[in-house]
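Scroll down for the structure; my scribbles are underneath it.
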Ligand SMILES: *Cc1c(COP(=O)(O)O)cnc(C)c1O
């Protein structure tokens, strides 16, 4: 199926999941995950209205940034401190902050450019060894520490849930994310603005939206299977 057909299905699913959780389609951002996707197909997605694109690797953002216009870039993959400098003035949101050290580097680089960078705290909700992110109970203290840095603004939480056969298995985890999101929001910390809850991917985005996600990150479901054999994608 083409991107258009895939998008039609995704739009329907997001709309009905939004309704189930008492919201509207416009309340949820569909982030097109374009890692390994070539510029031609990204242009196609853009023409269909998908202007927010998510990438894993700073190198890939750095390259594609100059090849396509009118895109809002999101860093969604693990970010090493030494790569911050490549994307600091290119991305609108960094989803994957999981240490004070990384936040300090982002703050330093942002301040040097006279900007304040929006970031999300990444939580390893399934407590999986293979995943990045902090444990649920570490997220609030980390957010508070980060909120004192001048060059970043904490805008919410993000997670990559476990890969499961049945997305229902992740419902309880998404619910835990939403609960923490609301708990932190209600405390009204200075410089913490709980606006985005980034969770749900191709496999489980419907359940994630039903449980309160307002950014879903979808790659395969939109562009089809990724091709990691292309040299630039490695
Ligand atoms: C690749 C990736 C996605 C998208 O995954 P799909 O299953 O292809 O939708 C979402 N979030 C992150 C952090 C990713 O690395």
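Residue numbers (my numbering): 2 to 235.
From the three backbone atoms N, C-alpha and C, an ideal C-beta is built for every residue, glycine too.
Just so it is clear, the structure is predicted and the values come from calculations on it, not from any experiment.
Spatial neighbours of residue i within its chain, please: CB distance less than 7 angstroms, with the 5 preceding and 5 following residues excluded, ordered by chain position.
i           : result
residue 38  : 224
residue 148 : 155, 190, 191, 192, 193
residue 235 : Because residue 235 sits at a pLDDT of 47, beneath the cut-off of 50, its placement in the model cannot be relied upon, and the following sentence gives the value as read from the coordinates. If we look at residue 235 and ignore the five residues flanking it on each side, its Cβ neighbours are 229.
residue 200 : 159, 160, 162, 175, 178, 209, 214
residue 108 : 150, 151, 152, 153
residue 21  : 211
Report all residues from its chain with a CB closer than 6 angstroms to the CB of residue i; omit the five preceding and five following residues, and keep chain order.
i           : result
residue 79  : 97, 133
residue 207 : 14, 18
residue 227 : 37
With a threshold of 8 angstroms, establish whether the CB of residue i neighbours any heavy atom of ligand 3.
i          : result
residue 36 : Absent from the structure shown: ligand 3. Ligands present: ligand 1.
Would you report the Cα separation of residue i and residue j, rounded to the nearest angstrom?
i           : j           : result
residue 157 : residue 217 : 13 angstroms
residue 76  : residue 52  : 14 angstroms
residue 73  : residue 82  : 22 angstroms
residue 195 : residue 186 : 5 angstroms
residue 221 : residue 67  : 24 angstroms
residue 171 : residue 89  : 32 angstroms
residue 180 : residue 34  : 26 angstroms
residue 114 : residue 2   : 43 angstroms
residue 92  : residue 70  : 13 angstroms
residue 102 : residue 135 : 13 angstroms
residue 16  : residue 45  : 22 angstroms
residue 165 : residue 119 : 30 angstroms
Quick check on DSSP: helix, strand or coil for residue i?
i           : result
residue 245 : Residue 245 is absent from the structure shown; the chain starts at 2 and stops at 235.
residue 206 : helix
residue 8   : helix
residue 285 : An answer regarding residue 285 cannot be provided, because it is not within the stretch 2 to 235 covered by the chain.
residue 130 : coil
In its own chain, which residues sit with a C-beta less than 8 angstroms from the C-beta of residue i, not counting the 5 before and 5 after it?
i           : result
residue 177 : 126, 137
residue 117 : 111, 151, 152, 153, 154
Who does residue i pair with in a DSSP beta bridge?
i           : result
residue 135 : 124
Quick check: is the beta carbon of residue i nearer than 9 angstroms to any beta carbon in chain C?
i          : result
residue 32 : Absence of chain C from the displayed structure is noted, only one protein chain being present.
* Asked: Where are the beta strand (DSSP E) runs, 3 residues long or more, that stay fully inside the region 86-128, in chain order?
  -> The DSSP assignment places complete beta strand (DSSP E) segments of no fewer than 3 residues inside the region 86-128 at 92-98, 118-124, in order along the chain.
* To do: Scan the region 13-90 and note each continuous beta strand (DSSP E) run of 3 residues or more that stays entirely inside, going in chain order.
  => Segments of the beta strand (DSSP E) lying fully in the region 13-90: 30-34, 53-56, 73-76.
* Contained beta strand (DSSP E) runs [length at least 3] in the region 153-230, N- to C-terminal order -> Runs of the beta strand (DSSP E) inside the region 153-230: 153-160, 193-199, 216-219.
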